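Protein chains in written order, with the UniProt record's numbering: chain A, 1 to 340; chain B, 1 to 228.
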Amino acid sequence: MKKSIQYAVLGIVFLIVIAFAKIECTPLYFNIPKSWPKPHYNFKTNPLTEEGFQLGRQLFYDPILSKDSTISCSSCHMQATGFTHVDHDLSHGIEGKIGTRNSLTLQNLAWSKHFMWDGGINHLDIQAIAPITSEVEMNESLENVVVKLQNSKKYPLLFEKAFGTKKITGQFTLKALSQFVVSLTTTNAKYDKVMQIKASFSEMEKKGYSLFKKNCATCHQEPLFTSDSFENNGLPKDSFLNDLGRMKISQNPKDSLQFKVPTLRNIEFTFPYMHDGRFKTLSEVLKHYNSGIQQSKSLSKELSKPLHLSDNERTEIIAFLKTLTDKEFLFNPRFSYPKE
Amino acid sequence: MLSKLFLPFILLLSFWQAVAQNQSDSLALTLKIEWKGNPLALSKTYISSNNDTLQLHQLKFYVGNIQIDFNDKSNFQQKVYHLIDLENLNSMRIPICKNEKKNISQISFSIGVDSLQSVSGALAGDLDPAKGMYWAWQSGYINMKIEGTSSSCATRNNAFHFHIGGYLPPNNASRKIVLTPKSNSLEVIVDVATLFDNILLSENNSIMIPGKKAMEIANKCTKIFASK
């Protein structure tokens, strides 16, 4: 009699242990390279786990997020090109509709405070609402995405693994996507290896690096190659798009034509360049900085005087920019299309 | 480990029971959404005092930071946000606290969420962005969503849209409502007619971003709440 009670208790304890083991997640450690600043993303409110990351990855590559199941995040953010939409000046989404801006790269966003070219989004976790609900991108509602995921075969289980419940919510969907996107760190370009004294620049790259530090680094600040602020780099306004950038959000005329300073990591592969994709090559970009700057009230003062870069100097800067290419990142199988 | 698992269950169970049993013994803030004294119905035709003929298709807003002051100087506060939705009857009754038969001197609450919520990423419950009360291209909650149609609107499908929100100064559109009930009641009357009596739909029919126009509507919305 007594024994059987003991067994029963043991059995219950065993079941509980199993239950706990099942919802236990595998925590992931977010690696911050030495001498880099602290990330801005608050991992405490969305602790990274292997299960959350893998769920986010599934969602990122799944067209279920769009109304007619044709467009996934990766349609506009492709790994091999630094997670941007290469070769399209303005990104296009559902039914081939064309948006109003060039797709941004998704790199080192853990260090970013604002998102989008105009910084209109203040937190990575809610960024995904924008593409999902945009009429020209995925044209879906988050509410309906949740319903579709809940009714799918695969997702309730994946959500349970990641968040301990099969009940899918908008919050969990967004946090999972965030876990994937925030994990896209590129920290191992030739530039980084040179900084760690594990490699060295060629003569040309070295010259390019000094020119870069003199002319570009106040905005494209190392090691992230962005100051995460808004600047007007002197692009003449496209009168068709009439995009005022930051001013649209702040409604302050002082911010007219200011855009988020984009990172230059993997810049070799993320063409076309600028918020409207107006430049196809890096030499066009350098030509703009050298002789194409449009004066205006909100022009950043660093660019108000001509840079006077010679042909050689421009080539040297480009050689340096190519040391920001991180092949390990562009071909990291952890970030690629998930094979079930 | 045993207690770790069971405690929440037991707590939940007893909480459930408490809620289920004491509905009549507990105080609840109840919102009565009306058009000039009659319950407001979606899609029904109303006429404002400006002679705008209109139908409402959606009415949703956040109520939060509820505080009830009692005559004995004690009070009750609740930090939670509730999404009031004309399509969801349950949302219009907000359980508050145990009824200790004290006299109520003041009711206050905010319409909309405060800035902290609008910078905190993806939240849960009534604040879950899947509720459709979060802006896409510019972060922040929509405090109040009023949509409908009116022949006065020269817009596509004669539609009007008021998405009132914004958390950044000087355009923070959240508003505090303070009411002093005469009859010791926690019933709040929301007379939507008062709002449309103050709007010319032919001129003002689409507000989808924070700013001055949203602030004006937010101010007008403070006038639609009354206690009994």
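Virtual Cβ for every residue (Gly too), placed ideally from N, Cα, C.
Computed from a predicted structure; not experimentally measured.
query                                                                                                                                                                                     : result
If we cut at 7 Å on Cβ distances, does Pro-169 (chain B) have a partner in chain A?                                                                                                       : no
Give the straight-line distance between the Cα atoms of Thr-186 (chain A) and Ile-267 (chain A), rounded to the nearest whole angstrom.                                                   : 12 Å
Measuring straight from C-alpha to C-alpha, what distance separates Ile-132 (chain A) and Asp-69 (chain B)?                                                                               : 43 Å
Leaving aside the five residues before and after Ala-214 (chain B) along the sequence, list all residues of the same chain whose C-beta is less than 6 Å from its C-beta, in chain order. : Ile-164, Gly-166, Ala-173, Ile-207
Could you tell me whether the Cβ atoms of Ile-177 (chain B) and Leu-195 (chain B) are closer together than 7 Å?                                                                           : no
In the DSSP assignment, what are the bridge partners of Tyr-62 (chain B)?                                                                                                                 : B:Leu-83
In whole angstroms, give me the CA-to-CA distance for Lys-153 (chain A) and Leu-124 (chain A).                                                                                            : 28 Å
State the DSSP-derived secondary structure class of Leu-65 (chain A), mapped to helix, strand or coil.                                                                                    : helix
Between which residues of its own chain and Gln-127 (chain A) is the CB-CB distance below 7 Å, once the five residues before and five after are set aside?                                : Phe-115, Ile-121
Apart from the five residues just before and just after Gly-234 (chain A), which ones in its own chain have a Cβ nearer than 6 Å to its Cβ?                                               : Ile-293, Gln-294, Leu-299, Leu-303
Along the chain, where does the alpha helix (DSSP H) that runs through Gln-54 (chain A) open and close?                                                                                   : 50–60
Closer than 9 Å by beta-carbon distance: list the chain A residues that pair up with Ala-173 (chain B), in chain order.                                                                   : Ordered by position in chain A, no residue passes the 9 Å Cβ test against Ala-173 (chain B), which lies about 14 Å from the chain.
Would you mind sorting Arg-265 (chain A) into buried or exposed? The rule is 16 or more other CB atoms within 10 Å of its CB.                                                             : buried
Compute the distance between the beta-carbons of Glu-51 (chain A) and Lys-166 (chain A), then report whether it is under 7 Å.                                                             : no
Going along the chain, which residues of the stretch 129–161 of chain B sit with their C-beta nearer than 9 Å to a C-beta in chain A?                                                     : Pro-129, Ala-130, Lys-131, Gly-132, Tyr-134, Trp-135, Ala-136, Trp-137, Gln-138, Ser-139, Gly-140
Which residues mark the beginning and the end of the beta strand (DSSP E) in which Ala-28 (chain B) is found?                                                                             : 26–35
List the endpoints of the continuous beta strand (DSSP E) containing Ile-94 (chain B).                                                                                                    : 93–98
When you compare only the Cα positions, how much space is there between Gln-27 (chain B) and Gly-64 (chain B)?                                                                            : Residue identity check: residue 27 (chain B) is Leu in the sequence provided, not Gln. Answer to the nearest angstrom: the Cα atoms are 16 Å apart.
Kindly say whether Val-80 (chain B), judged by its beta-carbon, lies nearer than 7 Å to any beta-carbon of chain A.                                                                       : no
Under the DSSP definition of a beta bridge, which residues are partnered with Asp-191 (chain B)?                                                                                          : B:Glu-34
Grab me the residues of Asn-22 (chain B)'s own chain with a C-beta within less than 6 Å of its C-beta, minus the 5 sequence neighbours each way, in chain order.                          : Interpretation of Asn-22 (chain B) is limited by its pLDDT of 47, a score under 50 that renders its predicted location unreliable; the figure taken from the coordinates is listed afterwards. Contacts found: none.
Just reading off the alpha helix (DSSP H) that Ser-75 (chain A) is part of, what are its end residues?                                                                                    : 73–76
Beta carbon of Gln-258 (chain A), beta carbon of Phe-230 (chain A): below 7 Å?                                                                                                            : yes
Pull out every residue of the stretch 84–113 of chain B whose Cβ sits closer than 9 Å to any Cβ of chain A, in chain order.                                                               : none
Specify, as a first and last residue, the run of the alpha helix (DSSP H) that residue 350 (chain A) falls within.                                                                        : Given a span of 1 to 340 for chain A in the structure shown, any question on residue 350 (chain A) remains unanswerable.
Tell me the DSSP secondary structure of Asn-252 (chain A) in three-state form.                                                                                                            : coil
Please report the distance separating the alpha-carbon of Pro-169 (chain B) from that of Trp-117 (chain A).                                                                               : 22 Å
So Phe-180 (chain A) and Gly-56 (chain A) are supposed to be a Cβ contact under 8 Å. How far apart are they, rounded?                                                                     : 3 Å
In three-state DSSP terms, what is Val-289 (chain A)?                                                                                                                                     : Strictly speaking, residue 289 (chain A) in this sequence is Tyr, with Val absent from that position. Looking at Tyr-289 (chain A) - three-state DSSP - the assignment turns out to be helix.
Expressed to the nearest angstrom, what Euclidean distance is found between the alpha-carbon atoms of Leu-244 (chain A) and Thr-49 (chain A)?                                             : 39 Å
Measure the C-alpha to C-alpha separation of Arg-334 (chain A) and Gln-58 (chain A) and round it to an integer number of angstroms.                                                       : 11 Å
With distances taken Cα to Cα, identify the nearest neighbour of Leu-65 (chain A) among A:Gln-6, A:Gln-150, A:Lys-198, A:Ser-227.                                                         : A:Gln-150
Counting contacts by CB-CB distance shorter than 7 Å, is Ile-126 (chain A) in contact with chain E?                                                                                       : Included in the structure are the protein chains A and B, with no chain E among them.
If contacts are defined as beta-carbon pairs under 8 Å, then Gly-112 (chain B) and Tyr-141 (chain B) qualify, I think. What distance do you get, rounded to the angstrom?                 : 7 Å
Do you know offhand how far Met-1 (chain A)'s Cα is from Glu-24 (chain A)'s?                                                                                                              : For Met-1 (chain A), the pLDDT reaches just 49, beneath the cut-off of 50, and the residue's location in the model is therefore unreliable, leaving the point undetermined.
Does any residue of chain B have a CB that is nearer than 7 Å to the CB of Ala-130 (chain A)?                                                                                             : yes
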